Each structure stands twice: as C-alpha cells, then as structure tokens.
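These notes are about the structure you will find just below.
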Amino acid sequence: RGVDSIQALRQLVAAQIKGNYFAKNAIEMALLDIQGKILNVPVSTLLGGKVADKLSVLWVLASGDTAKDIEEAKSLIGIGRHKDFKLKIGRRPVKEDVAHVIAIKEALGDESMVTVDVNQAWSEAEAILGMQMLQDAGVDLVEQPLVQHDIEAQARLSQRFNIPSVADESVGLPYEGLRIASLAGARAFALKIAKSGGIFGVLELAAIARAAGIGL
C-alpha cells in the first residue's frame, strides 16, 4: 500500500500491532504529511477542509503561588496573548487547592475562563467537596477529577453538578468514548491525537461525542 491508501495502512498496522498508540500516531502523521506534500495541500484539506482560522489556547498557570499566578495572568491578558487559563491541582489538600483557584477566578473575573485539571487525584468524596466549591465560585470546568477507570463515579459527579466535568485520561479510543457517552460520564472529552493513535482516531472519537451531545 502507498501513501494514497492511509486508511488501508491504518487497518494493516492495527491488525499487526496492538496498543502503541503514540507510535501509531507518529506513523499516521508522517503519512499525512507526505501525502499533503505530494498533493501540495495542507493536511486540513485532506481531512475535508478547515472550519476555523484560529483557536483560543488555554495558558497553564503553574507556579502554585496565588499572587504570582494572578500577576502572570493579568500580564498575558494585558498584552493580548491569552485570556483563558488552566490550573493543575490535586497535590495539596482539596480546600487549599480550591482556595488558590477561587482567588485567581475572582481576580480575573468573568471575562476570563478559568479551568482546573485534577489529573485523577481526588477520591469521589473529595471531588464532591471540591466541585461544589468550584461551581459556587464560577470556575468553568473540571478535568479528570477521578481515576480514569471509575466511569460510574464520574457519571455521578457529572449528573450532580452543573460545572462541566471533562474526561481526559478516561477517553482516547472510540470504545472508551462510547462507554462514557452511554453512562453520561462526562460533559466533554479532551481530544489528543497521541492517545487516539492519530488524527483519524480523534475524528472517530469526536463523532461519537457529537452524536451524544458531549463537548470537545
């Protein structure tokens, strides 16, 4: 098979090699890059064409120091570089972490989106406490609060709170997305081409999400 049959090559690789999605992603990206160069078109054209010229990008505030993070965020807003922010939490006690996030949200106001990524660090009881406080403070979403395999508990959180919960480590492959969708286990999926084995894998997952009314 040549580079004009990328889907056939994907099927061949999938039949011969189980897992190894990061490596499969690299191979697929190389094949798409080659095909795009042969045809002299961007990869977006190979996939049906772009739908936007730009996307907003979250900036991660990572110092852990509340005052420094606020100063950094306001500086980035001031120069027009970023207006939406993400905080990695979960290493400190829940109330301490959440107080840090709330202070930043209050300092930036409603013009900026503030999100948190818990990276699977909370128990369900901790998540109930933390998500209630974050919701009350107007924080915009919570990413992967629980361990990736506990979809039932994630569903309970998703149905209990208005603040959206986002599945990240829990979802990378279509069958994982289908299971979460069937249980209403998240309000959104975090899409990453590496964990889905490439762009085509992400598009398959995105189609499931859209059909289920799940955000991306």
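Per the numbering used here, the very first residue in the sequence shown carries number 2; after that it's consecutive. Cβ coordinates follow ideal geometry from the N, Cα and C atoms, glycine included. Small disclaimer: the values here were computed from a predicted structure and weren't measured.
- Find the nearest neighbour of Lys87 within the set Ile105, Asp34, Val115 and Glu29, judged by alpha-carbon distance. Per the C-alpha coordinates, the member of Ile105, Asp34, Val115 and Glu29 positioned closest to Lys87 is Val115.
- Strand pairing of Trp123, partner residues [DSSP]: Residue pairing by DSSP leaves Trp123 without any beta bridge partner.
- Item | Other residues of its chain near Gln12: CB distance less than 8 Å, five sequence neighbours each side excluded | Shown here for Gln12: not one same chain residue has a beta carbon closer than 8 Å to its own, the five before and five after excluded.
- Message: Can you tell me whether Gly186 is helix, strand or coil according to DSSP?
- Response: DSSP places Gly186 in coil when its eight states are reduced to three.
- Query: Counting along the chain, where does the alpha helix (DSSP H) carrying Glu205 start and finish?
  - Reply: In this chain, the alpha helix (DSSP H) harbouring Glu205 covers Ile200 to Ala213.
- Backbone secondary structure at Glu144 - three-state DSSP: Collapsing the DSSP output to three states places Glu144 in a strand.
- Item | Buried or exposed by the 16-neighbour rule on C-beta atoms within 10 Å, applied to His101 | Buried: at least 16 other Cβ atoms inside 10 Å.
- Query: Under three-state DSSP, which class holds Phe162?
  - Reply: It is coil, neither helix nor strand.
- Task: Kindly indicate which residue of Asp54, Ala74 and Ala53 has the alpha-carbon position closest to the one of Leu62.
- Result: The shortest C-alpha separation from Leu62 is found at Ala74.
- Lys38 in three-state terms, based on DSSP: Looking at Lys38 - three-state DSSP - the assignment turns out to be helix.
- Task: Check Leu88 in the structure and name its three-state DSSP category.
- Result: Leu88 sits in a strand when the DSSP states are folded into three classes.
- Determine the DSSP secondary structure at Leu109, reduced to helix, strand or coil. In the structure shown, Leu109 sits in a helix (DSSP, three-state: H, G or I).
- Beta-bridge pairing of Val61 - partner residues as DSSP gives them: In the DSSP output, where bridge partners are listed per residue, Val61 has Lys87.
- Item | Close-in-space but distant-in-sequence residues of the same chain around Leu130 (CB under 6 Å, 5 per side omitted) | Around Leu130, the same chain offers Val95 as residues with beta carbons nearer than 6 Å, after the five sequence neighbours per side are excluded.
- Three-state secondary structure (DSSP) of Val44: If DSSP states are grouped into helix, strand and coil, Val44 belongs with the helices.
- Task: Have a look at Ile164, Ile200 and Ile152 and flag the residue whose alpha-carbon is nearest the alpha-carbon of Glu177.
- Result: Taking each of Ile164, Ile200 and Ile152 in turn and checking the Cα distance to Glu177, the smallest one comes out for Ile152.
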